[in-house]
Amino acid sequence: LENVLTHILPVLLLLSPKVGDTFEYFCKYSEKEKESVKFICKGEDPSICHPLINTTRENISTGRFSMTVDQQKRNITITLLKVKQEDSGTYWCGDLSTDGTHRFFHRMVLTAGECSENPTPTLGTTAIEDL
């Protein structure tokens, strides 16, 4: 990511889906971020995290990741199919402002657990705490 981040809200979501499961989590954004391009990236440091998916494409899906945006609720839902151990890590929700600055508004830490015999969708709402 090229431009400096402007803010990070103190939200941390800690989740542990099982390997093989379908996993969903969501990020809320503010009214001022409603019209901007939304994105998800992976990495400990948001200023250099690896972009995974964004809303600039018509089909918001890349391999196992997909994203839906509900502008009325100001909510981004991210779906990850067939969770793998290497999916563990820190993920950031953010947006690209009109001046080209990346703003981050949500941090999620995912730890993939042991395999599930009967994969079921996991909804990412289990634990929220301040950074």
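For reference, each letter of the sequence shown is one residue, going -22 to -1, 1 to 109 in mature numbering (1 follows the signal peptide of the UniProt record, and there is no 0). Ideal Cβ placement from N, Cα and C applies to all residues, glycine included. Given the structure is predicted, the values throughout are model-derived calculations rather than measurements.
1) Between the C-alpha atoms of K60 and K20, what's the straight-line distance to the nearest angstrom?
2) Quick one, are the C-beta atoms of D73 and Y3 less than 8 Å apart?
3) Of all the options I26, H84 and P29, which has the alpha carbon lying nearest to the alpha carbon of I54?
4) What does K12 pair with, by DSSP beta-bridge criteria?
5) Which of the three DSSP states is assigned to T76 in this structure?
6) Let me check understanding here. Comparing Cα to Cα, which of G78, G41, D77 and G67 lies closest to L58?
Short version:
1) In the sequence shown, counting from the first residue as 1, residue 60 sits at position 82. In the sequence shown, counting from the first residue as 1, residue 20 sits at position 42. Taking the straight line from one Cα to the other gives about 17 Å.
2) The residue labelled residue 73 in the question sits at position 95 within the sequence shown. The residue labelled residue 3 in the question sits at position 25 within the sequence shown. Contact flag unset, no.
3) Walking along the sequence shown from the start, residue 54 turns up at place 76. Nearest C-alpha to I54: H84.
4) Your numbering for residue 12 matches position 34 in the sequence shown. According to DSSP, K12 bridges with nothing at all.
5) Along the sequence shown, read from residue 1 onward, the residue named residue 76 stands at position 98. It is coil, neither helix nor strand.
6) Position 80 of the sequence shown, counting from 1, holds the residue named residue 58. For the residues G78, G41, D77 and G67, the minimum Cα distance to L58 belongs to G41.
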